[in-house]
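Below: one structure, written as structure tokens.
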Amino acid sequence: VVDKLCNVPEGMVVGEDPLEDARRFYRTEKGITLITPEMLGQQVHHAG
């Protein structure tokens with residue numbers, strides 16, 4: 864699951880190596896990987 868505010872870098876591979884996914888992102892016991900902008904080192908600006 865990729866947050867809609869993510870800018871996924873070209874060439875990034877997710878879903879092929881469960882251990883690497885778990886190291887970089889949040890991965891559930893059922894194998895679902897969550898990616899947020901913060902996990903990619905990206906800042907999110909909220910209007911307010």
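When you line the sequence shown up against this note's numbering, it's residues 864 to 911, in that order. The C-beta atom is built at its ideal place from N, Cα and C for all residues, glycine as well.
Counted within 10 angstroms of its Cβ, other Cβ atoms place D884 as buried (16 or more) or exposed: buried
Less than 8 angstroms between the CB atoms is what I'm expecting for I871 and V864, so what's the real figure, rounded? It should be noted that the sequence gives Val, not Ile, for residue 871. About 12 angstroms separates the CB atoms of V871 and V864; that is not less than 8 angstroms, and the two are not in contact.
Could you tell me the alpha carbon to alpha carbon distance between Q905 and L897, rounded to whole angstroms? Distance between the alpha carbons of Q905 and L897: 15 angstroms.
Between H908 and L882, what straight-line distance do the alpha-carbon atoms span, to the nearest angstrom? Roughly 30 angstroms between the two C-alpha positions.
Inter-residue CB distance, T891 and C869 (contact presumed, cutoff 8 angstroms): About 18 angstroms; that fails the 8 angstroms criterion.
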